[in-house]
Amino acid sequence: MVIFSLDLGNKQVKLVSEKTLEIKREAEASGKKNSDKSIVESIGAKVLPSHFLDYDDLGDQRTAIASDKPLQLDKYTSGTDKDFSYAWGNDLHLVHAEDKFISTIGFENRYKKHEFRLLTDFSLAELARDYEEAKTGILEVIVSTGVPTDDFNGTAVQDITQTLLGDHNITVNNESLNIRVKEVHVNPQPVGTAYNEVLDFEGYVREENASLLDEQVVVVDIGGGTLLIDTLKNMNLSNPRNQKPTGAYEIYDRVVNLATDAGIKGITSFEVERILREGNTSEGYFFRPNKNESFPITAYVNKAIIKFTREVLNTINTTLKGSLRVDTMLFTGGGSNLIKQEDIKEQYKYSKFVADSEIANVLGFYKYAKALVTTRSE
Numbered sequence: 001m002v003i004f005s006l007d008l009g010n011k012q013v014k015l016v017s018e019k020t021l022e023i024k025r026e027a028e029a030s031g032k033k034n035s036d037k038s039i040v041e042s043i044g045a046k047v048l049p050s051h052f053l054d055y056d057d058l059g060d061q062r063t064a065i066a067s068d069k070p071l072q073l074d075k076y077t078s079g080t081d082k083d084f085s086y087a088w089g090n091d092l093h094l095v096h097a098e099d100k101f102i103s104t105i106g107f108e109n110r111y112k113k114h115e116f117r118l119l120t121d122f123s124l125a126e127l128a129r130d131y132e133e134a135k136t137g138i139l140e141v142i143v144s145t146g147v148p149t150d151d152f153n154g155t156a157v158q159d160i161t162q163t164l165l166g167d168h169n170i171t172v173n174n175e176s177l178n179i180r181v182k183e184v185h186v187n188p189q190p191v192g193t194a195y196n197e198v199l200d201f202e203g204y205v206r207e208e209n210a211s212l213l214d215e216q217v218v219v220v221d222i223g224g225g226t227l228l229i230d231t232l233k234n235m236n237l238s239n240p241r242n243q244k245p246t247g248a249y250e251i252y253d254r255v256v257n258l259a260t261d262a263g264i265k266g267i268t269s270f271e272v273e274r275i276l277r278e279g280n281t282s283e284g285y286f287f288r289p290n291k292n293e294s295f296p297i298t299a300y301v302n303k304a305i306i307k308f309t310r311e312v313l314n315t316i317n318t319t320l321k322g323s324l325r326v327d328t329m330l331f332t333g334g335g336s337n338l339i340k341q342e343d344i345k346e347q348y349k350y351s352k353f354v355a356d357s358e359i360a361n362v363l364g365f366y367k368y369a370k371a372l373v374t375t376r377s378e
């Protein structure tokens, strides 16, 4: 059966299926240059914002920041909210309507909210677009996902399971898609990264990392809006652990504040995120509001990163309280690519920054479901 893996974060959504992984493999086989690859071709996952916009508020797309390419925005209509359509896509931040973005962030009853239900429908549809069966019949799928450890309780797991399970009809750009979710598997978020390290894409244990199954592992997940520190003992949740409503966006917001205080106008957190993704420390970081102006912001970026790295270290130290019973510390989440890794490794010699950290959880959820399916067929 088809597996859909969803990481429905507060700031970003990461989506994986066999099709997205196949797209990556095909791009690698073709020898396509990295600079010419799409996000899916580069990492094997679809990455989109966790917010969307009422389609009526989209306005004239010509008011968006000029580009030589059409905006990556699509029109979504959920069968549970037929009277409204929504704009969703990677270029949503280019539309001058930030004050009207519909956010799905939340630390209480998030999985019951109407906005979250819409986000799950849009996510299922985004993956289903790659399957002809969803267009001509009903695509049956298994969904594998995860929640922060503090949300891994009976109520939250039940809420997200009820939201996902069953039939979904979503129209994307006037194309109707039908998905039937037959099973839902919800794991604690840190287990996703651990499974990604331990399992291959067929669901079998990778011998080189098999020792993690018997170790005490601390997973530090630095997301866009959360910092999660969890302990796994023999792959089971253990103590200590901690969750803070802070993440990589604290870096972006701090850069905005520093730049604004220096007289640079018009810079936003969305712009800073893009600048950090596309730039690098050797060439420096620049905010270009138009083709005629360019403002260096490297100093602000460096200061924000140093401060956030120190905050992360302080949170780890106070959470672990000097515990020596840690075999491996895994750093994951998109924010782990931004912090000063050398400062982390200086304090924690047994730390490891995982590959594909931004999508490690969603890859792990996929591999977990694959292992279940493989076990059944043997």
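Quick note on numbering: the UniProt record's numbering labels position 105 of the sequence shown as 105, and the sequence is numbered without any gaps.
C-beta: ideal position from N, C-alpha, C; glycine also.
Small disclaimer: the values here were computed from a predicted structure and weren't measured.
Exposure label - residue i; buried when at least 16 CB within 10 Å
i, result
"D167", "exposed"
"L28", "According to the sequence shown, residue 28 is Glu rather than Leu. That one is exposed."
"L276", "buried"
"I344", "buried"
"Y111", "buried"
"A259", "buried"
"Q347", "exposed"
"T281", "exposed"
"I43", "buried"
"I306", "exposed"
"D83", "exposed"
"T77", "buried"
"Y249", "buried"
"G322", "exposed"
Euclidean distance between Cα positions of residue i and residue j
i, j, result
"T226", "D56", "31 angstroms"
"N187", "S35", "34 angstroms"
"A128", "I264", "43 angstroms"
"V95", "L73", "10 angstroms"
"A262", "T315", "30 angstroms"
"R254", "R310", "14 angstroms"
"L139", "D81", "21 angstroms"
"K113", "G137", "29 angstroms"
"G79", "D121", "9 angstroms"
"Q341", "I105", "28 angstroms"
"F101", "E215", "43 angstroms"
"V312", "F331", "11 angstroms"
"E283", "G89", "29 angstroms"
"S17", "T246", "29 angstroms"
"V184", "Y300", "43 angstroms"
"E207", "K32", "31 angstroms"
"K244", "S30", "43 angstroms"
"P240", "V2", "36 angstroms"
"D130", "R325", "45 angstroms"
"G9", "I39", "18 angstroms"
"K367", "A194", "11 angstroms"
Beta-carbon proximity of residue i to residue j, cut-off 7 angstroms
i, j, result
"Q12", "G192", "no"
"F365", "T149", "no"
"L118", "I179", "no"
"F4", "V172", "no"
"F308", "I267", "no"
"L228", "D221", "yes"
"D7", "V272", "no"
"L237", "V217", "no"
"A156", "V143", "no"
"H51", "S103", "yes"
"K46", "T20", "yes"
"N242", "T319", "yes"
"E41", "K24", "yes"
"N209", "A360", "no"
"D230", "P289", "no"
"D99", "L71", "no"
"A97", "L48", "no"
"F270", "H93", "yes"
Closer than 7 angstroms to chain B by CB, residue i
i, result
"I229", "Structure shown: chain B not included; a single protein chain is present."
heavy atom of the ligand GTP below 6 angstroms from residue i C-beta
i, result
"F270", "Absence of the ligand GTP is noted for the structure shown, with no ligands found whatsoever."
How do the stretch 191 to 209 and the stretch 160 to 170 stand: do at least 3 beta-carbon pairs fall below 8 angstroms, yes or no? When Cβ pairs closer than 8 angstroms are counted between the two stretches, the stretch 191 to 209 is seen not to touch the stretch 160 to 170, the count staying below three.
Entirely within the stretch 65 to 98 and at least 3 residues each: give me those beta strand (DSSP E) ranges in chain order. Listed in chain order, the complete beta strand (DSSP E) runs (minimum 3 residues) inside the stretch 65 to 98 are 74 to 78 and 86 to 88.
Report yes or no: do the stretch 328 to 338 and the stretch 352 to 368 share at least 3 C-beta pairs separated by less than 8 angstroms? Short answer: they touch.
contact_flag[the stretch 170 to 179, the stretch 287 to 297] where n(CB pairs < 8 angstroms) is 3 or more: As far as the Cβ criterion goes, the stretch 170 to 179 does not touch the stretch 287 to 297, which means the pair count is below three.
Just to confirm the assignment: which complete beta strand (DSSP E) runs, minimum length 3, are found wholly within the stretch 305 to 345? Here the runs fully enclosed are 328 to 332.
Any beta strand (DSSP E) of 3 or more consecutive residues that is wholly inside the stretch 111 to 174: Those beta strand (DSSP E) runs which fall completely within the stretch 111 to 174 and span 3+ residues are 139 to 147 and 166 to 172.
Output the residue ranges of the beta strand (DSSP E) runs that lie fully inside the stretch 242 to 290 and measure 3 residues or longer, sorted by chain position. As far as the stretch 242 to 290 is concerned, its whole beta strand (DSSP E) runs of at least 3 residues are 286 to 290.
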